[in-house]
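Engineer: After the structure tokens below, expect a handful of questions from me.
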Amino acid sequence: MKPTFSPTRFLAILAAGAVLGFGSFLIDAPSASAATATSEVKLTSQLVDESGVLSEQEKADITASLKEATKESGKKLYIVFVPTTPGDIKVLAEQLREQDGTENVIVLAVATETRQIGYAAGAKVETSEAEKLQNAAREHFADDDWAGGAQAAADKLAGKTSTATKVWIGAGAAGVIGAGVGAAVWTRRNRRKTHAQQLETARSIEPGNVGDLYQQPTDVLRELAAEELTSTDESIRKGDEELSVARGEFGEERTRDLAKALQHSRSTLNKAYSMHERLNSGLVTAEPEQRDLLIEIVSTCGQADDNLDGQAAKFAELRQKLMNAPELVEKLRQTSISLHNRIPNAREILSDAETRVDPALLDSVRDNPDVAEDALTEAEKALDTARGLLDKPAGQQGGLIDSLGAAKLALQQADSQLLAVERAEEHLRAAQNNLPALIAEVEGEISEAAELSKTGADLDRDDLQAAVDQAQKALDRARAEGSTDPLGCYSELLEADGALDVELDEARGIANDYARTVNMVDRIMEDATQRLEAVEGLIRNRRKIIGVDARTSAQAARSALDEAEQLRAEDPKQALRSAQRANQLAKQATAEARKDINDFNNRGGGFTGSNFGGYRGGGSGSFVSGVVLGSLLSGNGGFGGFGGFGGGGFGGGFGGGGFGGGDFGGSGSSSF
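Quick note on UniProt numbering: the sequence shown kicks off at 1 and runs consecutively.
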């Protein structure tokens with residue numbers, strides 16, 4: 001029998017839904033415990049991205065669409081992304097709307113971490129229109145397609161997509177299919193554009209930055225992994241050729257690092273191919289495990305690739321030096337002659353300075369002319385050796401680079417010795433004036449190094465401690481002998497300070513990365529915990545309805561969450577992987593639980609007995625309640641949008657012209 005529509009039955013179902021709130025169908029995302037300071041969020045433009053989920057290109061495209069939508073509709077839409085917000089997201093939307101006092105304003109606020117969306121509309125904006133914008137965006141946000149959701153809302157306001165959904169009872173199937181095809185085409189095009197932008201952004205991530213890689217969608221990771229496998233394979237092939245040539249030119253010893261890098265890349269590639277084969281064979285079906293393998297491929301291959309390319313580049317540079325060797329030998333000869341000519345002048349400068357300052361203050365530079373002369377003698381010997389190697393055929397000039405390097409180093413030493421004499425009085429005054437400040441600076445840096453060493457970050461503590469020891473030694477000497485040898489003490493302490501600065505910069509970077517990763521782990525664990533607690537609560541309350549799949553995913557999420565907690569301090573990167581996996585599994589458990597509830601109600605379980613019984617009411621009742629339920633679960637928010645029954649949904653009460661005269665303004669929110 002063909003289903004018939006009964007307004008009385010339809011109202012009864014709606015009334016029941018309003019009383020019960022369809023709570024058993026929906027698993028609300030829990031509110032975040034972390035607060036977003038709304039006073040700090042300003043509507044500086046129509047698109048505000050406090051969460052950092054959009055690329056610069058995406059921001060530009062969406063902003064242009066929002067401006068176009070304003071021209072087309074006469075209404076101004078603001079879209080604001082924040083990480084979290086206390087309480088209901090619509091409160092934030094209302095507060096933001098107050099920053100623009102006009103009546104044709106709509107604000108969509110999105111909490112990306114707690115997965116909430118809310119709107120606040122001005123007095124001249126229909127509530128149903130604001131809800132449609134929210135729903136258009138939410139469908140994309142549910143898939144973490146932030147750019148796609150914002151674009152969809154802008155397009156909806158501009159009227160680029162259908163702004164009304166007509167449900168024809170009985171004969172409506174064809175209309176639904178037609179609308180579905182159109183929406184599918186638009187969605188595919190938009191997703192292709194978004195995917196290309198995401199892939200371009202992902203390619204710029206350093207392969208060792210696992211935290212940022214974990215933020216990428218799975219399909220993007222899959223393409224990145226394929227690219228890295230191909231790139232590493234090509235680098236190894238080129239590296240083989242480079243090593244063969246380099247060994248003939250520079251010998252086994254000098255090419256050892258290149259050979260090690262090549263072997264490491266081969267080993268890494270073999271492991272990566274094995275992981276890729278596991279993915280292709282279907283042995284790994286869970287998405288969290290697939291993501292772990294893809295990220296491992298991208299990270300390990302990318303780092304091995306970079307190392308191998310770096311080693312190959314060194315030999316390309318050495319080869320260029322060989323080509324330029326004749327000119328370099330001649331240039332170094334001229335430099336040696338020039339330095340020889342400066343030695344007599346340096347001796348005169350010392351003698352003259354001793355007549356104006358205490359000779360004892362010049363002790364640290366007194367022997368510099370003699371040291372410079374010895375260095376020049378060594379430089380001449382190295383240049384003679386280099387000249388002899390230049391006369392040999394290609395392939396027998398392996399020692400040429402070493403000889404040129406030794407000559408250049410000796411000449412630099414001679415120059416620095418003579419320069420110290422030539423500027424001795426200037427340096428002496430600077431040392432006397434600046435030594436106290438330098439002592440205080442190094443003391444502070446030594447204390448900072450001690451604090452950094454106490455963190456759980458994976459610092460190179462040996463190198464850092466070596467720099468601290470050198471600085472402490474120079475510091476002790478400066479305190480003891482600074483007044484009698486300010487020049488020598490200042491020079492030694494300045495050198496130690498430079499070495500310590502280098503190690504501190506590296507340690508600070510690692511410590512900051514560690515802190516950021518731990519913070520990210522905490523945020524994701526909090527999100528996963530809230531999702532998991534919601535699902536576990538549902539399992540407790542709907543015991544027989546929730547099946548084994550949802551329970552298995554929930555248990556796996558709990559195990560991954562426990563693992564993340566255990567690894568958080570000692571290995572935050574691995575903890576991040578576990579937290580991400582827990583979050584994915586919690587989402588999966590949520591979807592599976594929702595499916596179980598839907599299946600139960602579709603079988604006629606409804607709201608009977610201990611589960612609140614069911615009002616099916618025959619074929620028509622099942623169809624209409626299914627439409628309402630589908631609308632709720634797909635994010636169409638409440639009972640608006642049924643254009644045949646009123647001007648703006650049921651929010652306005654039972655007024656003239658159908659069920660409601662059309663609300664204006666107001667606010668609302670939902671989760672995704």
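By construction, the Cβ of each residue, glycine as well, lies at the ideal position given by its N, Cα and C atoms.
A quick note: this is a predicted structure, and the numbers were derived from the prediction, not measured.
Per the DSSP calculation, residue 49 is bridged to which residue(s)?
Structural biologist: 81.
Engineer: Starting from residue 126, trace the beta strand (DSSP E) both ways and give me its first and last residue.
Structural biologist: Residues 116-126.
Engineer: What do you reckon, are the CB atoms on residue 141 and residue 672 nearer than 7 Å?
Structural biologist: In this structure, residue 672 lies closer than 7 Å to residue 141 by Cβ.
Engineer: Assuming contact is defined by CB atoms lying nearer than 7 Å, are residue 79 and residue 158 in contact in what I supplied?
Structural biologist: It is not a contact, given that the beta carbons lie outside the stated cut-off.
Engineer: Would you be able to state if there are at least three C-beta pairs under 8 Å between the stretch 497-507 and the stretch 533-542?
Structural biologist: Because the criterion of three Cβ pairs below 8 Å is not met, the stretch 533-542 and the stretch 497-507 do not touch.
Engineer: Between which two residues does the beta strand (DSSP E) holding residue 109 run?
Structural biologist: Run containing residue 109: 105-111, per the beta strand (DSSP E) assignment.
Engineer: Looking at the secondary structure, which residues open and close the alpha helix (DSSP H) in which residue 209 lies?
Structural biologist: Where residue 209 is concerned, there is no enclosing alpha helix (DSSP H), given that its DSSP letter is neither H nor E.
Engineer: Leaving aside the five residues before and after residue 669 along the sequence, list all residues of the same chain whose C-beta is less than 7 Å from its C-beta, in chain order.
Structural biologist: Closer than 7 Å at the Cβ level, and outside the excluded window around residue 669, lie 88, 89, 90, 116, 117, 118.
Engineer: Among the residues of its own chain, which have a CB less than 8 Å from the CB of residue 153, if the five just before and after it don't count?
Structural biologist: Answer for residue 153: 77, 79, 108, 133, 134, 136, 137, listed in chain order.
Engineer: Could you have a look at residue 730 and say whether DSSP puts it in helix, strand or coil?
Structural biologist: Residue coverage of the chain in this structure runs from 1 to 672, which leaves residue 730 outside it and unanswerable.
Engineer: Looking only at its chain, what residues have a beta carbon closer than 6 Å to the beta carbon of residue 300, apart from the 5 residues adjacent to it on each side?
Structural biologist: The residues are 268.
Engineer: For residue 304, tell me which candidate among 257, 559, 75 has the shortest Cα-Cα distance.
Structural biologist: Measuring from the Cα of residue 304, the nearest candidate turns out to be 257.
Engineer: Does the pairing of the stretch 320-329 with the stretch 283-303 give three or more beta-carbon distances under 8 Å?
Structural biologist: No, they do not touch.
Engineer: Helix, strand or coil: how does DSSP classify residue 668 here?
Structural biologist: Three-state result, residue 668: strand.
Engineer: Rounded to whole angstroms, what is the Cα-Cα separation between residue 404 and residue 381?
Structural biologist: Roughly 10 Å separates the two Cα atoms.
Engineer: Give a yes or no on whether the C-beta atoms belonging to residue 317 and residue 343 are separated by under 7 Å.
Structural biologist: No, Cβ-Cβ distance for residue 317 and residue 343 is not below 7 Å.
Engineer: Is residue 90 helix, strand or coil by DSSP?
Structural biologist: In the structure shown, residue 90 sits in a helix (DSSP, three-state: H, G or I).
Engineer: Applying the 10 Å Cβ sphere with the 16-neighbour rule, what's the burial state of residue 45?
Structural biologist: Flag for residue 45 reads exposed.
Engineer: Given residue 549, which residues of its chain have a CB within under 6 Å of its CB, disregarding the five upstream and five downstream residues?
Structural biologist: Only 592 meet the Cβ criterion.
Engineer: Decide if the stretch 382-391 is in contact with the stretch 455-472; the criterion is three or more beta carbon pairs, one per stretch, under 8 Å apart.
Structural biologist: Contact between the stretch 382-391 and the stretch 455-472 is absent, because fewer than three Cβ pairs lie under 8 Å.
Engineer: If I measure Cβ to Cβ from residue 366 and keep anything under 7 Å in the same chain, skipping five residues before and after, which residues do I get?
Structural biologist: Within the same chain, residue 366 has close Cβ partners 350.
Engineer: Return helix, strand or coil for residue 175, following the three-state DSSP convention.
Structural biologist: Interpretation of residue 175 is limited by its pLDDT of 44, a score under 50 that renders its predicted location unreliable; the figure taken from the coordinates is listed afterwards. In the structure shown, residue 175 sits in a helix (DSSP, three-state: H, G or I).
Engineer: When we look at the beta-carbon of residue 355 and count the other beta-carbons within 10 Å, is it buried (16 or more) or exposed?
Structural biologist: Residue 355 comes out exposed.
Engineer: Mapping the DSSP letters down to three states, classify residue 381 as helix, strand or coil.
Structural biologist: It is helical.
Engineer: Do you know how far the Cα of residue 198 is from the Cα of residue 364?
Structural biologist: Spanning the two alpha carbons is a distance of roughly 60 Å.
Engineer: What distance in whole Å lies between the Cβ atoms of residue 521 and residue 575, which are believed to be in contact at a cut-off of 8 Å?
Structural biologist: Rounded, the Cβ-Cβ distance is 5 Å, consistent with contact.
Engineer: Where does residue 76 fall in DSSP's three states?
Structural biologist: Three-state result, residue 76: strand.
Engineer: Going by CA-CA distance only, name the one from 230, 587, 61 that's closest to residue 286.
Structural biologist: The candidate whose alpha carbon is nearest that of residue 286 is 587.
Engineer: My output table needs one value for residue 608: the three-state DSSP class, helix, strand or coil.
Structural biologist: Legend: pLDDT at residue 608 = 40, less than 50; position of this residue unreliable, value from coordinates given subsequently. DSSP places residue 608 in coil when its eight states are reduced to three.
Engineer: Taking the CB atoms as reference points, tell me whether residue 224 and residue 261 lie closer together than 7 Å.
Structural biologist: Against a cut-off of 7 Å, the Cβ pair of residue 261 and residue 224 comes out as no contact.
Engineer: So, is residue 184 buried or exposed, given that buried needs 16 or more other C-beta atoms within 10 angstroms?
Structural biologist: Unreliable placement is indicated for residue 184, whose pLDDT of 47 sits below 50; no coordinate value is reported for it.
Engineer: With respect to the alpha helix (DSSP H) encompassing residue 342, which residues constitute its N-terminal and C-terminal limits?
Structural biologist: Note, residue 342: alpha helix (DSSP H), 325-353.
Engineer: Whose C-alpha, out of 196, 126, 227, is nearest the C-alpha of residue 207?
Structural biologist: For the residues 196, 126, 227, the minimum Cα distance to residue 207 belongs to 227.
Engineer: Less than 8 Å between C-beta atoms, sequence neighbours within five positions excluded: which residues of the same chain meet that for residue 353?
Structural biologist: Counting only Cβ-Cβ distances below 8 Å, and skipping sequence neighbours, we find 362, 424, 425.
Engineer: What number of angstroms, rounded off, separates the C-alpha of residue 40 from the C-alpha of residue 579?
Structural biologist: Approximately 29 Å between the Cα atoms of the pair.
Engineer: At a cut of 8 Å, does the stretch 472-489 reach the stretch 409-416 through at least three beta carbon pairs?
Structural biologist: No, the stretch 472-489 does not touch the stretch 409-416.
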